[in-house]
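Comments concern the structure below.
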Amino acid sequence: MISTIEISGIGVIDRATLDFGEGLTVLTGETGAGKTMVLTSVNLLLGSRAEPALVREGRSRAQVDGVFILDEQHIAPLVEEGIDVEDSELIVSRTVLAQGRSRAHVGGRMVPASGLAQTVAPLITVHGQAEQMRLKNPNAQRDLVDSYGDQAHQDLLAEYEKAWKEAVNAKRSFDDITKNADERIRETESLSAALEAIDAFDPHEGEDEELRLEARRLMSVEDLRRFIDTATAFIRGTDDTDGASSLLRHSRDQISCARSLDESLASLERQAESIAIDVETLGDDLGAYARSLDADPSRLAWVHSRRADLKKLLEGRADDATGLIEWAQRARRRLEELVTSGNNPEVAEKKLKEAQARVLEVGSRLHDSRVRCGCELAEKVTGELHALAMADAKLICIVEKTKPTSHGLDDVTILLQPHSSATPRPLGQGASGGELSRIMLGLEVVLGEKSTTKTFIFDEVDAGIGGQTATEVGARLKRLAQNRQVIVVTHLPQVAVFASHHLVVTKNDGLTDVHVVEGEAREAELTRMMGGDAHSPAARRHAIEVLTSAVPQSQG
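Every number in the numbering used here is 82 more than the matching position in the sequence shown, counting from 1.
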């Protein structure tokens, strides 16, 4: 609930502090005194648009600070968001600069104005003429019926919302699949053919380089043989000359002779022997390589053919065999996506039909629940209207099935039948301002029993009424305030007399002040509201007698 609001530099208000308590608080005052600015200040804390024109002339800024007392269910989410709540008190501020900019703070943390709407606005329900006009809207009427529903009804709303979203997603998926069906078929066939060819070829990593080297070797057999034969001759020698192998043996023999004279040459002798063996082995290997050389035309043709096939497979896919293998892996995954059931038009159509059937099934149950809720709500509000000087009036709620929408299968219309012989007409067509005020109040009294909102603010809820009806309005507001905070801006003393707290807005020398009135001061204000002389003790006694005499009758 609202604990305190401090207003500075807004319109006719230079500076004012309003302390609100539990139960029913009324805000009264002469027309033009500044009651509207008080409500404007409250709305600023709720995230309403900040107009530079609100800043009082001569001031550089306007500011509203509010202290809200929260219960645990509202504290926990704020703490999770890092907003400071101390001793269950949340401090909210809104500053409007004359240049047109505004700033908002919640719990010491700067937030955008939309942050106030998300954080603070849910704590308070404000009703004025704008809300009465909204009452004529069919969507608002549907929301009223839904807000009356019990937990089972709320679960149905959530179930329908989920079913609707699933149906929308299924339709989007089906449209996407069918729209691109030809393209998907072409891509599937292309990938399947490519993978079939790659699997038949069965490449391995680095194969393209291996084939290139083999082709070059097969085409150079004669040159290779000539080079290798010459190298072998240098090692083994010819009929006319000694080769490296023979010369190394002779060198080893000379070192051996020298070792007989100097034993320290033993290691060099062993080294010479090892080198001689290595060179002879090299000669043997070169000979074996020369014998392996074969011009094999069929092998060369096969290599050329495989290289050509590999080149075709690489085109547009990869630069080498290793890259082609990686491409094939990606292509298999994509092909699996294309042929999976989720991308099959027939499967997608089946899912869509199932989702649509689900919407109709849940929507039908929601329709039945809305019919029940609408009838109960209309009946209870009708009872309230009877007590608000609309004794023959009847509220009727019509719930008609229509095509599926995001909110259900229903069009909801609330009608007012002023008396039994009158034709029921939608609220937007037949209800007067005074009737709308009483209907709104009746709805809030009935819905307030289930609402989690802790604070209600009513502006001009008593418009167009007076006399005993006004007294009944005050009684209903008092009843609504039994378990919550209700703040009412009123010009009717029959309403004000029910208040637990009475604030008066006064204007002197162009400055507005807001103060609490009690005792004789309150009697004087009530007398003024009745049109009597607030300074006359006799007039005050008469006014209070008239007002208090009506209270027990309305509460009885």
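Cβ coordinates follow ideal geometry from the N, Cα and C atoms, glycine included.
- Assigned with DSSP and collapsed to three states, M192 falls in strand.
- Straight through space, the alpha carbons of T201 and L160 are spaced by roughly 8 Å.
- Annotation note: the segment 305-345 contains the following uninterrupted alpha helix (DSSP H) runs of length 4 or greater, listed N- to C-terminal: 326-341.
- Here K247 is exposed: its Cβ has fewer than 16 other Cβ atoms, across all protein chains shown, within 10 Å.
- A residue is called buried once 16 or more other Cβ atoms fall within 10 Å of its Cβ, and S327 is buried on that count.
- Annotated as distal: V429 and V453, with beta-carbon spacing of 7 Å or more.
- Counted as a single uninterrupted DSSP element, the beta strand (DSSP E) harbouring R143 occupies residues 143-151.
- With fewer than three CB-CB distances shorter than 8 Å, the segment 276-287 does not count as touching the segment 362-372.
- The beta carbon of L343 sits closer than 8 Å to no other beta carbon from its chain once the five residues preceding and following it are set aside.
- It is roughly 34 Å from the alpha-carbon of R623 to the alpha-carbon of M83.
- Between L347 and A340, the beta carbon gap of about 5 Å places them in contact (Cβ cut-off 8 Å).
- Proximity to R507 across H209, A98, L498 peaks at L498, based on C-alpha coordinates.
- Assigned with DSSP and collapsed to three states, G490 falls in strand.
- Per the coordinates, the alpha-carbon of R216 lies some 6 Å from the alpha-carbon of A222.
- Along the length of the segment 582-617, whole beta strand (DSSP E) runs at least 3 residues long occupy 583-590, 593-598, reported in chain order.
- Residue environment for L136: buried (at least 16 other C-beta atoms within 10 angstroms of its C-beta).
- Restricting attention to V94, S85, S90, the CA atom closest to the CA of L593 is found in V94.
- Each of R138, L226, K244, D153 was checked against the Cα of A437, and the nearest Cα belongs to K244.
- Take the alpha-carbon of T505 and the one of Q155: they are about 45 Å apart.
- Under the rule that a run must span 4 or more residues, the alpha helix (DSSP H) segments found entirely inside the segment 212-247 read 220-230.
- Less than 7 Å divides the Cβ of K462 from the Cβ of V528.
- Less than 7 Å separates the beta-carbon of A581 from that of L106.
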